[in-house]
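Enquirer: Residues in the sequence shown are numbered from -6 upward in steps of one, following the numbering used here.
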Amino acid sequence: MTATNDIRRSFLDYFGSAGHQIVPSAPLVPQNDPTLMFVNAGMVPFKNVFTGLETRPYSTATSSQKCVRAGGKHNDLDNVGYTARHHTFFEMLGNFSFGDYFKEQAITHAWTLLTKEWGLPADRLTATVFHTDDQAFDLWKKIAGLPDHRIIRIPTKDNFWAMGSDGPCGPCSEIFYDHGEHIAGGPPGSPDEDGDRFVEIWNLVFMQHVQEADAIVGDLPRPSIDTGMGLERVAAVLQGVTDNYDTDTFKALIAASGALTHTHTAGDNQASHRVIADHLRCSGFLVADGVLPANEGRGYVLRRIMRRAMRHAHLLGAKEPLMHRLVPALVAEMGVAYPELIRAQPLIEATLRQEETRFRQTLDKGLRLLDDATTGMRPGDTLSGDTAFRLYDTYGFPYDLTEDALRAQDFKVDRTGFDAAMAEQKRAARAAWKGSGAKASDELWFDLVEEVGATEFTGYSSDVGEGVVLALIKDGTRVDHAGIGDTVDVIVNQTPFYGESGGQVGDAGLISSDNGVRADVAETSKQLGKLFVHHATIAAGELKVGDTVKLAIDVARRAAIRANHSATHLLHEALRQKIGTHVAQKGSLVAPERLRFDVSHNSAMTSEELAEAERAVNAQIRRNGSVETRLMTPDEAIAEGAMALFGEKYGDEVRVVSMGAEDDGKTYSIELCGGTHVRALGDIGVFKIVGESAVSSGVRRVEALTGEAARQWLNARDEKLREAAATLKASPDEVPARVAALVEDRRRLERELAEAKKALALGGGSGGAAAGPETVGGVGFVGQVLDGFEAKGLRGAVDEAKARVGSGVAALVAVNDGRASVAVGVTGDLVGKISAVELLRQAVAVLGGQGGGGRPDMAQGGGPDGDKAADAIAAIRAALEARTVAA
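1. For Ala747, which residues in the same chain have their Cβ closer than 8 Å to its Cβ, ignoring the five residues on either side in sequence?
2. For His266, does the count of other Cβ atoms within 10 angstroms reach 16, so buried, or fall short, so exposed?
3. Quick one: give me the first and last residue of the beta strand (DSSP E) that Leu285 is part of.
4. May I ask you to report which of helix, strand or coil DSSP gives Ala113?
5. For the alpha helix (DSSP H) holding Gln204, just list the boundary residues, first then last.
6. Mind pulling the beta strand (DSSP E) runs of 3 or more residues that sit fully within the region 465 to 511?
7. Checking 7 Å against the spacing of the C-beta atoms, do Phe590 and Val695 come in under that value?
8. Would a C-beta distance cut-off of 7 Å place Leu197 and Ala99 closer than the cut-off?
9. Expressed to the nearest angstrom, what Euclidean distance is found between the alpha-carbon atoms of Ile298 and Ala245?
10. Quick one: residues in its chain with C-beta nearer than 6 Å to the C-beta of Glu333, no 5 flanking neighbours on either side, listed in chain order?
11. How would you call Val122, buried or exposed, if buried means at least 16 neighbouring beta carbons within 10 angstroms?
12. Once you ignore the five residues that flank Leu582 on each side, which residues in its own chain have a CB closer than 6 Å to its CB?
13. Can we say the region 672 to 688 touches the region 491 to 505, given the rule of at least three CB pairs closer than 8 Å?
14. In this structure, what does DSSP give as the bridge partners for Arg704?
15. DSSP three-state label for Asn617, please.
16. Could I get the ranges of all uninterrupted alpha helix (DSSP H) runs contained in the region 569 to 628, with 4 residues as the minimum, in chain order?
17. Tell me the residue span of the alpha helix (DSSP H) that contains Gln327.
18. Return the residue from the list Glu493, Leu441 and Gly478 that minimises the CA-CA distance to Arg471.
19. Could you pull the start and end residues of the alpha helix (DSSP H) that Gln338 belongs to?
20. Going straight from the alpha carbon of Ala880 to that of Thr820, what length do you get?
21. So Cys797 packs on Val775, CB below 8 Å; how close in whole Å?
22. Examine the Cβ distances between the region 526 to 543 and the region 571 to 580 and report whether three or more of them are shorter than 8 Å.
23. So Gly789 is in the alpha helix (DSSP H); what residue range does that whole segment cover?
24. In or out: Gly112 buried (at least 16 other Cβ within 10 Å) or exposed?
25. Is the beta carbon of Ile554 less than 7 Å from the beta carbon of Phe490?
26. Output needed for His13: all residues of its chain with C-beta closer than 7 Å, excluding positions within five of it in sequence on either side, in chain order.
27. Would the beta-carbon of Phe89 be found less than 6 Å away from any heavy atom of the ligand ADP?
28. His528 lies in the beta strand (DSSP E); which residues open and close that run?
29. Going by CA-CA distance only, name the one from Phe382, Gly856, Gln402 and Phe439 that's closest to Met415.
30. Which term fits Gly832, buried or exposed, when burial requires 16 or more other beta carbons within 10 angstroms of its beta carbon?
31. To the nearest angstrom, report how far apart Leu295 and Thr660 are at their CA atoms.
32. Would you call the CB atoms of Pro140 and Met200 closer than 7 Å?
33. Just the Cα atoms here: how many angstroms apart are Glu743 and Leu340?
34. Mapping the DSSP letters down to three states, classify Cys666 as helix, strand or coil.
35. Would you say Arg226 faces chain C, with C-beta separation under 7 Å as the test?
36. For Arg336 and Ala129, what's the separation of their Cα atoms in angstroms?
Written out as C-alpha cells, the structure is:
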C-alpha cells in the first residue's frame, strides 16, 4: 500500500468507515470564495459550512482535494523544480468535523491511521502544539504515548490558524516525520528546522475560538476540526524517499519527459524535468476544470505555468511542442482517481499543443533579446524593469519566466520597474477609454441588497405582475422620485422581468401605475446575483419610491428570447453528439434577434459537422417535444445527467430544464438553467446556423437564428438566389452549374491572359532596353517594365528571359496599382560572379522597399513606388556597368 493511488484510497476508506461522508474534490476554481484565485486547501469547499452560512446533511466529511498554489498570496511557482517539496498542483487529504468531534477524536484518528493502518514507526513521529494548548499536549501524551520532548510547544502563529481577520480560529497541532540523522535538519522550533530531516505530514486545526479584527473575542459554540495532509509528502514518507519528486507519480511523468526529449533526468537536467512534470499536472487539471490560457486572471496564471514548462522543454532541446505528448502519461497515472482528466484529454492535449506552438514563435526572439540585454552583466546584477516588461508585452514572457531564465546566472530583475511599466500601460489604456456614463457603484448595490433584500422573480409563470418601488437610482445616486425624461434604475420587490444572466439578455417592457406613470424599460440587469435592475426612461407622470406599479414585459420579445434559449440547449447537445463530449459551453448570448453559443473545441467545425448539428436540432423541433422544468438538489440533478455549466454557483436547490427525446425515448437535453424557455420545442419554429468562428484559443463560436429571424434570413438567401438566376438567365436549380462553368471560364481566361502577358514581356516593353538582349558590363542583359503583369508570374517570366539571354542577367519589374514587384535572375554560368540578390537590392532601394531576397541565381522583392520602375531597371544596369569598371 505505497502507491500514491493506494494511499489516497486508503485515507478516504479509513475515514469513510469511521462515518465520514466521502466528498469528491471540488473544481479548482472556487465556487464559494471570490477572494481566491484557486482552491488552495482542502477546507476551502467547506468554508461556508464552518462559518455557518451553509448547512449540509452530514457533520463529518473526508476528501482528497485538488489544490493549486500559483498566484496571489499563496504562490509556490518560483520554487517549483528547485526544492524537494514545492508544487503548483498538489492534493490535500483531509478529514473535517462540523461541530461533531473535537481534539481527542481528531488526534486519535490521526495516530491510528499513521501508525496502525499505515505502519509508520511511532518513534519517527513528532507533534507540535500551540504553546498555550495544554489540552492538546496532554492528549498527545495520553493517546500516542509521546514523551514530552517530542511534543513541541510552538509560540508563533505557525501553530495558530484563522479564517481571515474575522471568524473562526484556533490552535494547530502539526505532525512531523523524522527521516533520520543522516538527513540534515532539526526538529520544529529549532534553529535548523528548515532542513529536510523533519517533514510536516499532517496539520490538525482545532477551530474553537471566534476573532474580530485579529483579536479573540469568544469561543465557538460548536468547535470544529479541519485537517490537511499533503498527499505528495506522505507518499514520499511511505515510499521511503525524502524528495516528493522521487515518488511513483512523479517518477513516471519525469521518465516520460526524459524519453520524449531523449535526455537524462538527473544532473543539470533535473530541475527542467521536475518543472515539466509538476506543471503538466497543474495545466492538465486546470484545463479539465474549465480554465483556458488568457491574458488576465486565472487564464494568465495558467499561461504562466504552461510557458514556464515550455521554456524548460526548450532547454532540454525539444524542437517541437512537447507538453501535449505527455498528457497520456498524466492520464495513466491520475485518470482513475480523477475521471475529468479522461473526459478532457483531447481538450488538454489540443490546448497545450496550441499554446506551445504559439509561444515557440516568439520564444527564440525573446531569448535573444534577453541574451543581448544581459551581455556584460555580472552575478548579482539586475535586469531593467523596462526590458522585462518588453519581454512580457512583445514576446509573451511572464515576469516569473524571465526571473527563472536568469536564475542560473544569479541575475535579478527589477520588479519595481516592471510594475511601473505595467502601470503606465494600464494608465494609458484607461485614459483612452471613453466610458459609458455614470453607473451605481458596487458599494451601492451591496447596500441595497442589505437594505431591501433579493428581488423575487415571477417571470417563469407570468408575463405581468405588480410590485412596490423600493429604490430609484439616477446617475449612480439614489433618488426618491423621477420625472418625465429621466432615465433611472428601478428596483421593485418582485418582477416578471428577467434580469440579464447566464447569457440571456434582460427583458424589456413597461412599468405603469394607476396615477398615470409610464416608464419604458429598455433592459433589465441583475446585480450581485440577487437584485433585478430595470433600466427605464420615464415617459409620463412621476415615479416615486413606495409607489405600487404594474410591470408588463414585451411578450413578443420574450417569446423570441425563449426560442433562442431553448435552441442553445438543443445545439449544445447536438454538438456534443456530433463532435465529441469534450464540447462544453464557454459562453453564450441569447437575444431576441439571434443566439450566439461559445464552446470548447480546438479547430474550426466543418460544414458537414455544422449541417449535422443543425439537422439534429430541427429534428427535435419537428417532434415538438415538451420542455419541463423541475427543482431539485444539485447532487440529484447531476445524478440524472444534467449538465452544469462550469463557473456557475448553484445553491441548495437548482432548476433543471429537460427537453426533447432520443429515438430510444431518453431525454435529449438536461441542463441546470435559470433562464426562460419555450413550452414545446415546436414553438422554436426553425433553427438555422449562420456562422462559425474562433473566439480565442480552444473556443469556437456558433451563431444561429430561430423562428421569424431564421425565416427572414432564408427568404433573403432565396431572393439572392433568384437574382443570381435572373442575371445568369437560368433557373435557380441551374445556378450552381452555371457558376461553376463561369469560374472555369474565368480560370481559363486568366491562364490565357497570363501567357499573353508573358509573351509580351519577352517580346517588348519599356525600361530603356530593347526587346532582345543587350550587352551591359560585358554580359547579356534583358531589363523591362511590365504594366499590369501579376507579381506571381515574374519568376516564370524571368526564367524564360534567362533562356533567351543564354548567359547573362534578366530583370523584370511588374507594376500593379502603383506598387512594383521586381525579380532578377542570373544564368548558371555567372553564379558566383554576379549575385541576383545584390542586384535586387539596388532595385528595391529605388522602389522604396526594404529587404527582398532569394538565391544567387534568382531573387524577388518590391516596393511602393511603382512610378520608379524604369529607374529600378536603370539601377540594375548601372550596377552591372559598375562591375565592369571595378573589374
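No residue lacks a Cβ here, since even glycine has one placed at the ideal position from N, Cα and C.
Expert: The structure says:
1. Glu783 and Gly786
2. buried
3. Where Leu285 is concerned, there is no enclosing beta strand (DSSP E), given that its DSSP letter is neither H nor E.
4. Correcting the residue type first, residue 113 is Leu in the shown sequence and not Ala. The answer is coil: DSSP assigns Leu113 none of H, G, I, E or B.
5. Counting along the chain, Gln204 falls outside any alpha helix (DSSP H), though it belongs to the beta strand (DSSP E) covering Phe191 to Glu205.
6. 470 to 472, 480 to 485 and 502 to 505
7. yes
8. yes
9. 20 Å
10. Ala281
11. buried
12. Gly496 and Arg589
13. no
14. DSSP lists no partner for Arg704.
15. coil
16. 600 to 616
17. A small correction: the amino acid at residue 327 is Met; Gln does not occupy that position in the sequence shown. First-last of the alpha helix (DSSP H) with Met327: Val320 to Met327.
18. Leu441
19. Gln338 to Thr367
20. Residue placement at Ala880 is flagged as unreliable, the pLDDT there being 49, under the threshold of 50; a coordinate-derived value is accordingly withheld.
21. Looking at the sequence itself, residue 797 is Arg, so the reference to Cys does not match. So it is a contact: roughly 7 Å between Cβ atoms.
22. no
23. Leu787 to Val798
24. exposed
25. no
26. Thr53, Ala54, Thr55 and Asn88
27. The ligand ADP is not part of this structure, which contains no ligands at all.
28. Leu524 to Ala533
29. Phe382
30. The sequence shown places Leu at residue 832, rather than the Gly named in the question. Label assigned to Leu832: buried.
31. 37 Å
32. no
33. 44 Å
34. coil
35. The structure shown contains no chain C; it is built from a single protein chain.
36. 45 Å
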